[in-house]
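So the protein lines, in turn, are chains A and B. Sequential numbering from 1 applies to the first sequence in our numbering. Sequential numbering from 1 applies to the second sequence in our numbering. Note sheet for the following structure.
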Amino acid sequence: KAGVTQTPRYLIKTRGQQVTLSCSPISGHRSVSWYQQTPGQGLQFLFEYFSETQRNKGNFPGRFSGRQFSNSRSEMNVSTLELGDSALYLCATGTANTDTQYFGPGTRLTVL
Amino acid sequence: AQSVTQPDIHITVSEGASLELRCNYSYGATPYLFWYVQSPGQGLQLLLKYFSGDTLVQGIKGFEAEFKRSQSSFNLRKPSVHWSDAAEYFCAVGARAGGGADGLTFGKGTHLIIQP
């Protein structure tokens with residue numbers, strides 16, 4: 001079974017631009033969560049989607065948004081990029097009542 | 001609010017020696033507890049998890065962890081480390097497997113260095 005896929009793996013943007021990251025879950029997984037990982041703040045929860053609905057949201061500004069499609073693939077968008085948005089963005093997927101979340105390899109975003 | 005503390009930022013262990021990584025959590029109800037490992041440039045891999053039942057849980061790669069409710073701890077152990085165990089280790093807590101309303105809350109991580 002294929003693992004969680006995140007695209008692109010690396011991205012370089014400049015301040016003020018926007019960016020869209022993609023996460024394709026393991027087949028059969030309907031839950032997708034997003035996390036931001038930085039050296040200073042560590043791993044922080046962004047949001048969780050299940051069956052195309054945002055189920056939970058972390059403490060991030062409105063510039064961070066996401067969505068989930070009917071095939072469970074999810075995208076997250078960051079608008080008006082700031083230098084502090086440079087991070088590794090990880091998605092994790094699972095089934096409805098899974099006891100395990102599987103993480104993807106992440107997208108490394110660098111904002112210049 | 002839930003929180004996780006990993007007191008050791010770095011730990012150096014000789015190959016073949018035993019290992020214990022500490023994790024303390026703060027959570028109002030029965031927690032879901034996890035240990036993840038991250039190699040450089042990689043995502044997170046689940047080592048083991050605890051939801052209920054036997055407080056000593058076995059995971060992959062020879063790791064185990066013990067849940068101690070009275071001490072709010074969930075320490076990770078391995079009897080004999082291998083050079084390939086060098087990585088970043090994260091302890092996490094959540095309201096359910098997927099994290100719950102606040103997602104999974106992670107500790108800051110412990111960087112494990114293996115000496116030959």
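Think of the CB as a built atom: it goes at the ideal place given N, C-alpha and C, for glycine as much as any other residue. Fair warning: this is a prediction, and the values are worked out from it, not measured in the lab.
Proximal chain B residues relative to residue i, where beta-carbon distance stays under 8 angstroms
i       : result
Leu90/A : Gly43, Leu44
Phe45/A : Gly99, Asp102, Gly103, Leu104, Thr105
Residue range of the unbroken beta strand (DSSP E) whose run includes residue i
i       : result
Tyr49/A : 42-50
Ala87/B : 87-94
Leu83/A : Neither: Leu83/A is in no beta strand (DSSP E) and is coded neither H nor E.
Close beta carbons around residue i, own chain, < 7 angstroms, minus the five adjacent residues each side
i        : result
Gly174/A : Because chain A in this structure spans residues 1 to 112, residue 174/A falls outside the shown range and cannot be described.
Phe60/A  : Leu46
Phe74/B  : Cys23, Tyr25, Leu33, Tyr50, Ala65, Phe67, Cys91
Pro8/A   : Thr107
Gln36/A  : Gln44, Leu46, Ala87, Tyr89
His29/A  : Ser72, Thr93, Gly94, Thr95
Residues of its chain near residue i, where Cβ-Cβ distance is below 8 angstroms and the 5 sequence neighbours each way are ignored
i       : result
Ser86/A : Thr38, Leu109, Thr110, Val111
Phe63/B : Trp35, Leu47, Leu48, Leu76, Arg77, Lys78
Thr14/A : Leu81, Val111, Leu112
Own chain residues within Cβ distance below 6 angstroms of residue i, not counting five before or after
i        : result
Ala92/A  : Ser33, Gln101, Phe103
Tyr50/B  : Leu33, Val57, Phe67
Leu127/B : Residue 127/B cannot be examined here, being either before or after the span of chain B that is shown, 1 to 116.
Ser24/A  : Thr5, Arg73
His111/B : His10, Glu88
Ser52/B  : none
Gln17/A  : Leu81
7 angstroms Cβ cut-off: residues of chain A touching residue i
i       : result
Lys61/B : Near Lys61/B there are no residues of chain A at all, since even the closest Cβ is about 16 angstroms away, more than 7 angstroms.
Contacts that residue i makes with chain B (C-beta to C-beta distance below 9 angstroms)
i        : result
Pro105/A : Gly41, Gln42, Gly43
Gly42/A  : Phe90, Phe106, Gly107, Lys108, Gly109
Gly58/A  : Asp102, Gly103
Cβ-Cβ separation, residue j to residue i (assumed contact under 8 angstroms), whole Å
i        : j        : result
Tyr36/B  : Gln42/B  : So it is not a contact: roughly 11 angstroms between Cβ atoms.
Gln114/B : Trp83/B  : In the sequence as presented, Gln is not what sits at residue 114/B; that position holds Ile. Confirmed, Cβ separation roughly 5 angstroms.
Gly62/A  : Gly109/B : Gly62/A to Gly109/B, Cβ: 28 angstroms. No contact.
Gly58/A  : Asp102/B : 7 angstroms
Met76/A  : Gly66/A  : 4 angstroms
Chain B residues whose Cβ lies nearer than 7 angstroms to that of residue i
i       : result
Ser86/A : Residues of chain B passing the Cβ test: none, with the nearest at roughly 15 angstroms.
Phe64/A : The contacting residues do not exist; Phe64/A stays about 13 angstroms from chain B at best.
Exercise for review: Would you check if there are 3 or more beta carbon pairs closer than 8 angstroms linking the stretch 52-67 of chain B to the stretch 47-62 of chain A?
Suggested key: no
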